[in-house]
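Chemist: In the working numbering, each residue's number is its place in the sequence shown (first place is 1) plus 107.
Every residue, glycine too, gets a C-beta built ideally from N, C-alpha and C.
Take this structure, written in structure tokens, and hold onto it; I'll ask about it next.
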Amino acid sequence: WSSDGTASGTIPVATLEGGLPLVVSESPRRVCFLELFEPEDAHRVWCTDGSRGATFALASAAGTRLFPFYGTRVAAESGDRLFVAACEQGKARCGVWSHSGAAPTSLFLAPTPSGFYGGLTLVALSGRAYYSYGAELWSVDGSEPGQRLVLTAGHGGIRGLTVVNGRLYFIAFGDGGDELWSSDGSS
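In structure tokens form, the structure reads like this:
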């Protein structure tokens, strides 16, 4: 539903397919949410600007729906771009996708390692999305396919990835145990 605060300005914008909705990204322009189902590989990502015509489930350029990874933060927004960790139906392509605009089509940016379908934390900083595999911090810019290795941190996995005051912060296991790291996102 969408509302301007009046009874006459309150309208339904879409009929969901029966899953439990969970907001994952919101801005003055749109809200995006997961529609949760059992089993987990049936989840969907929806976005809306509050109108019937611009409420949709995200899809690949081929028109197949995207199913988000299960686990931690699967979406991040920067400017007009939404980054989502998801698989195409049937897991044909799994990885990081970028979406902008008022149509369901999303751009495939970078694959995740084979068999990796969960626990990916996406954060956005200065128009780029950042995420980690093990001890490696990766980045995509959202406008074209391809990922960039930002850095390798310590000896173990990166966790707690977040953005504060224009910098990335995370914890990585180093020589002396857990270490707090900070990065501006450059290599």
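1. If you compare alpha carbons, which of 251, 206, 289, 163 is closest to residue 244?
2. Rounded to a whole number of angstroms, what is the C-alpha to C-alpha distance between residue 189 and residue 161?
3. Going by other Cβ atoms of all chains shown within 10 Å of its Cβ, with 16 needed for buried, is residue 265 buried or exposed?
4. May I have the straight-line CA-CA distance separating residue 219 from residue 276, to the nearest angstrom?
5. Which residue marks the beginning of the beta strand (DSSP E) containing residue 191, and which one marks its end?
6. Per DSSP, what are the beta-bridge partners of residue 281 in this structure?
7. Hey, which unbroken runs of the beta strand (DSSP E) at 3 residues or more fall wholly within the region 200-255?
8. Where residue 268 and residue 236 are concerned, what is the direct C-alpha to C-alpha distance, given to the nearest angstrom?
9. Based on the DSSP output, what are the partners of residue 115 in its beta bridges?
10. Going by DSSP, what residues sit across from residue 289 in a beta bridge?
11. Which of the three DSSP states, helix, strand or coil, is assigned to residue 267?
12. In whole angstroms, give me the CA-to-CA distance for residue 137 and residue 284.
13. What is the residue span of the beta strand (DSSP E) that residue 124 lies within?
14. So, with DSSP's three-state summary, where would you put residue 260?
Modeler: On the basis of the data shown:
1. 289
2. Approximately 15 Å between the Cα atoms of the pair.
3. buried
4. 22 Å
5. In the DSSP annotation of this structure, the continuous segment of the beta strand (DSSP E) that includes residue 191 starts and ends at 188-195.
6. 284
7. 201-206, 214-218, 230-232, 235-240, 243-247
8. Our two residues, residue 268 and residue 236, have alpha carbons roughly 11 Å apart in a direct line.
9. Its beta-bridge partners do not exist; DSSP assigns none.
10. 276
11. Note: residue 267 maps to strand in three-state DSSP.
12. 41 Å
13. Counting along the chain, residue 124 falls outside any beta strand (DSSP E), and DSSP gives it neither H nor E.
14. coil
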